[in-house]
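A.B. asks: For the sequence shown, numbering that gives the first Met the number 0 begins at 0 and goes up steadily by one.
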Amino acid sequence: MLAPVPDPPIVFVVDDDDAVRRALAFTLDLEGFRVETFESGEALLLTAPDAAVDCLVIDERLPGASGLETLRLFRDRRAGVPAILITSHPKAAFRAAAAEAAVPILEKPLTGDLLAPAIRDAIAARAT
Numbered sequence: 000m001l002a003p004v005p006d007p008p009i010v011f012v013v014d015d016d017d018a019v020r021r022a023l024a025f026t027l028d029l030e031g032f033r034v035e036t037f038e039s040g041e042a043l044l045l046t047a048p049d050a051a052v053d054c055l056v057i058d059e060r061l062p063g064a065s066g067l068e069t070l071r072l073f074r075d076r077r078a079g080v081p082a083i084l085i086t087s088h089p090k091a092a093f094r095a096a097a098a099e100a101a102v103p104i105l106e107k108p109l110t111g112d113l114l115a116p117a118i119r120d121a122i123a124a125r126a127t
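(1) For L84, count the other beta carbons within 10 Å of its own beta carbon; 16 or more makes it buried, fewer makes it exposed. Which is it?
(2) Determine the direct distance from the alpha carbon of V19 to that of T110, and round the result to whole angstroms.
(3) Expressed to the nearest angstrom, what Euclidean distance is found between the alpha-carbon atoms of E146 and A95?
(4) Spatial neighbours of P103 within its chain, please: C-beta separation below 8 Å, excluding the five flanking residues on both sides.
(5) Taking DSSP as the reference, what is the three-state secondary structure of T86?
(6) Using the C-alpha atoms, what's the distance from D49 back to D28?
(7) Reducing DSSP to helix, strand and coil, say where D17 ends up.
(8) Tell me the residue span of the alpha helix (DSSP H) that contains D49.
(9) Check each candidate in R71, I9, F73 and name the one with the smallest Cα separation from E35.
(10) Look at the alpha carbon of V13 and the alpha carbon of F93, and state the distance between them as a whole number of angstroms.
(11) Reducing DSSP to helix, strand and coil, say where L29 ends up.
(12) So if DSSP puts E35 in a beta bridge, which residue, or which two residues, is it bridged to?
Structure below.
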């Protein structure tokens with residue numbers, strides 16, 4: 000008898016750049032993730048406050064609340080959801096704030112060979 004196939008991990012991608020959102024969604028889909036995208040932190044918080052998610056990938060520079068602030072607000076409702084912050088040229092203060100929140104940073108431009116393993120590691124770390 001065949002074992003049931005596990006559901007693919009669900010990843011929410013939050014980035015205000017449509018091309019980046021689509022590219023990340025395409026790449027992560029090829030890597031076996033189920034992906035939902037959001038153009039802002041506000042869209043994430045309004046649309047998916049209780050939706051099932053295994054990991055968030057959030058751009059730091061968003062209209063309105065920053066990626067880190069969006070993550071804090073999301074985690075106020077859903078503690079412990081793994082996340083990865085993405086940005087280009089992170090400053091020392093941002094690195095310190097992300098480290099304090101125990102959130103890894105990946106620098107743009109991203110490639111699937113960096114992002115997919117980071118997501119898998121974040122999900123696995125939560126499971127242990």
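Glycine included, C-beta positions come from ideal geometry on N, C-alpha and C.
C.D. replies: Concretely, from the data shown:
(1) Buried: at least 16 other Cβ atoms inside 10 Å.
(2) Their backbone Cα atoms lie some 11 Å apart in a straight line.
(3) There is simply no residue 146 to check, as the chain begins at 0 and stops at 127 in what is shown.
(4) If you ignore the 5 residues before and after P103, its C-beta comes within less than 8 Å of the C-beta of I83, L84, A97, A117, A121, all in its own chain and listed in chain order.
(5) For T86, the three-state secondary structure derived from DSSP is strand.
(6) The C-alpha of D49 is placed about 22 Å away from the C-alpha of D28.
(7) Note: D17 maps to helix in three-state DSSP.
(8) Note, D49: premise wrong, no alpha helix (DSSP H); not H, not E.
(9) That would be I9, whose Cα lies nearest to the Cα of E35.
(10) Taking the straight line from one Cα to the other gives about 18 Å.
(11) Correct three-state label for L29: helix.
(12) F11.
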